[in-house]
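**Student:** One structure coming up, written as structure tokens, with questions to follow.
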Amino acid sequence: MVARIVEVEAYRGSDDPASHAFRGLTTRNAPMFGNPGHAYIYFTYGNHYCLNVTTQAPGTPGAVLFRAVQPVEGISAMRFFRPNVSDSELTNGPGKLTKALAISKSLNEHDMTLRGPLFVTDRGKSNFEIWSSTRVGIRSGLDRLWRFYINGNPYVSKKGGLREQQLLR
DNA sequence: TCGAAGATTCTA
DNA sequence: AGAATCTTCGAA
């Protein structure tokens, strides 16, 4: 399966009250303190896995949450993992996309920079506008516009953040 | 050891 | 608007 990342959120450490790493190292958030480019996957609300990729040097917590992706290849497989929903609802949320792509805790701390079961790659330039807004589903850190998404992309999650602003072409 | 909250989703 | 559902965290 192949999907294009269309919506993400940034999380940091002790300077970010919305981050799992705000209060320091714990069993769950340990990947955030590890090597960059690795998966940080956590289970939440008793139902859903959420996928992040770590971003900082070891010892400094930081990660980017995948909030929505656009199906590119293997759409029938995604439909198998998420039956009874329309194509636009297949991957337009952090819990939805992990289910559609069959991502679970077994891939936690996986190196996403190497070719393997789960990795990120650059498929070249496209024309789109990146906008930012407040992050979704958090109660603190609302002063930061750290949700980033492709403006107008139909696979961006419906429930967006506030105070949107345009960033790049 | 226990209680509360949670980077969500689905249903009524 | 509210339930589902359970892991993780922090306080006691």
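Here the numbering used here is used: position 17 in the first sequence is 22, and no number is missing along the way. Yeah, the Cβ is synthetic: ideal placement off N, Cα and C, and Gly gets one too. Note that the structure is predicted; figures quoted are calculated from it, not measured.
Would you say the segment 79 to 86 touches the segment 55 to 66, given that touching needs at least three Cβ pairs under 8 Å?
**Tutor:** Touching, no, given that fewer than three Cβ pairs across the two stretches are closer than 8 Å.
**Student:** Using three-state DSSP, classify D20 as helix, strand or coil.
**Tutor:** Of the three classes helix, strand and coil, the one that applies to D20 here is coil, per DSSP.
**Student:** Between which two residues does the beta strand (DSSP E) harbouring S137 extend?
**Tutor:** 135 to 138 is the extent of the beta strand (DSSP E) around S137.
**Student:** Going by DSSP in three states, D116 sits in which element: helix, strand or coil?
**Tutor:** Of the three classes helix, strand and coil, the one that applies to D116 here is strand, per DSSP.
**Student:** By Cβ distance, which residues of its chain are closer than 7 Å to T49, with the 5 residues on each side in sequence left out?
**Tutor:** Counting only Cβ-Cβ distances below 7 Å, and skipping sequence neighbours, we find C55.
**Student:** Using CA atoms only, rank isn't needed, just tell me which of G42, P41, S19 is closest to T31.
**Tutor:** Comparing Cα-Cα distances from T31 to each of G42, P41, S19, the minimum goes to S19.
**Student:** Sort A107, A73, V77, G39 by Cα distance to G157 and report the nearest one.
**Tutor:** The residue with the shortest Cα to Cα distance from G157 is A73.
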